[in-house]
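Single-structure report; data block below.
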Ligand code: FES
Ligand code: FES
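Numbering (our numbering), first residue to last: 3 to 161.
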């Protein structure tokens with residue numbers, strides 16, 4: 003990171019690619035992802051840490067991009083929903099969401115999928131209660147929780 007009249011240039015590694023982005027001390031990771039890099043999979047819902055729509059993975063763990071300062075993410079591996087797949091293949095979690103009808107408007111889906119992906123990495127066969135706990139910070143305004151939970155349980159069972 004280097005200073006330049008109040009702005010700094012920060013090197014962020016996102017989905018395996020290095021990006022050099024401008025950031026002052028207040029610019030959030032969500033602003034960089036959506037407004038500078040065009041990675042709009044991370045959604046801007048509440049923009050204050052409540053809804054989970056902006057969830058991305060930082061070194062494999064779910065974080066709120068709207069609350070994460072971009073400059074603080076330098077040196078970490080950032081994964082957005084765009085980086086989950088190679089080519090057109092869906093991941094097991096994404097496939098399970100499709101098969102279980104767990105996508106309604108889709109606004110919450112990237113955050114749900116990323117949170118579930120992190121859960122399954124730690125706990126490959128979570129039960130319903132464990133899935134509910136893991137997803138408790140991700141809100142779905144379409145109230146599709148049951149199908150979402152079923153999808154994640156199935157994705158775990160499929161492994
Ligand atoms: S937009 Fe970040 S938690 Fe709602
Ligand atoms: S599918 Fe619409 S917010 Fe969850």
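Think of the CB as a built atom: it goes at the ideal place given N, C-alpha and C, for glycine as much as any other residue.
- A contact is defined here as three or more CB-CB pairs under 8 angstroms, and the region 24-34 fails this definition with respect to the region 87-95.
- Annotation: residue 51 to residue 30 spans about 12 angstroms, alpha carbon to alpha carbon.
- Here the alpha carbon of residue 72 sits roughly 21 angstroms from the alpha carbon of residue 140.
- Taking the Cα positions, residue 10 is about 12 angstroms away from residue 76.
- One alpha carbon belongs to residue 126, the other to residue 43, and they sit about 24 angstroms apart.
- Judged by their CB atoms, residue 159 and residue 122 are not nearer to each other than the 7 angstroms cut-off.
- Looking from the CA of residue 66, the closest CA among 37, 49, 134 belongs to 49.
- Taken through DSSP and simplified to helix, strand or coil, residue 128 comes out as coil.
- Boundaries of the alpha helix (DSSP H) harbouring residue 157: 147-159, taken from the DSSP string.
- If you draw a straight line from the Cα of residue 114 to the Cα of residue 70, it is about 18 angstroms long.
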